[in-house]
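For reference, the structure is listed below as structure tokens.
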Amino acid sequence: MTCFRRYKLQTAVNRVAELIKQGNIHGLSKLFAPNVEVTLMEDDNVYSKAQAGLILDKFFNQHKPKAVKMLHRINSNPNYRFGVLIVNTGKDTFRVAFTLKETDGSLMLIEFRIETEKVK
Numbered sequence: 003m004t005c006f007r008r009y010k011l012q013t014a015v016n017r018v019a020e021l022i023k024q025g026n027i028h029g030l031s032k033l034f035a036p037n038v039e040v041t042l043m044e045d046d047n048v049y050s051k052a053q054a055g056l057i058l059d060k061f062f063n064q065h066k067p068k069a070v071k072m073l074h075r076i077n078s079n080p081n082y083r084f085g086v087l088i089v090n091t092g093k094d095t096f097r098v099a100f101t102l103k104e105t106d107g108s109l110m111l112i113e114f115r116i117e118t119e120k121v122k
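Taking my numbering, the leading residue of the sequence shown gets 3, the next gets one more, and so forth.
Next up, the structure:
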């Protein structure tokens, strides 16, 4: 099981952002917990690690990231990390939020949300 070790906890949110920027969903899926809550637009469900990987791979193949900006990050709770990204595909802009939970000294992705970014 690949996940973040304690010495990498400060960079975990940045690593997830970098994997998304690279479009490396295979690498991202290695960080998933055995079950992941995935929200894709209005569809919200809990999926196995493999199913979540397939769903996100399909989404990011259709919406290839061109630019990723870190909008918000929370590292204050030692058991959780939270990040919000703005992902621009050139055609569309999405808000991606994710939660990492510490289990036995490792952080694993437990929640991943993708919503259409509202233009201000």
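Ideal Cβ positions, reconstructed from N, Cα and C, are used throughout, including at glycine.
Which same chain residues end up closer than 6 angstroms to residue 15 when comparing Cβ atoms and leaving out the 5 residues on each side of it in sequence?
75, 83, 85
For residue 31, report the span of its alpha helix (DSSP H) as first-last.
27 to 31
Could you tell me the distance, in whole angstroms, from the CA atom of residue 78 to the CA atom of residue 65?
32 angstroms
Quick one: give me the first and last residue of the beta strand (DSSP E) that residue 59 is part of.
Residue 59 -> not in any beta strand (DSSP E); alpha helix (DSSP H) instead, spanning 51 to 64.
The alpha helix (DSSP H) that contains residue 81, what's its start and end?
Element bounds for residue 81: n/a, residue is neither H nor E.
Let me check understanding here. Comparing Cα to Cα, which of 117, 39, 28 lies closest to residue 90?
117
Separation of residue 46 from residue 99, as counted between CA atoms:
13 angstroms
Cα-Cα separation, residue 72 to residue 114
15 angstroms
Sequence-distant residues of its chain with Cβ nearer than 8 angstroms to residue 57 (five each side left out)
40, 42, 49
Minimum C-alpha distance to residue 18 - residue among 105, 107, 101:
101
Using the rule of at least 16 other Cβ atoms within 10 Å of the residue's Cβ for burial, across every protein chain shown, is residue 52 buried or exposed?
exposed
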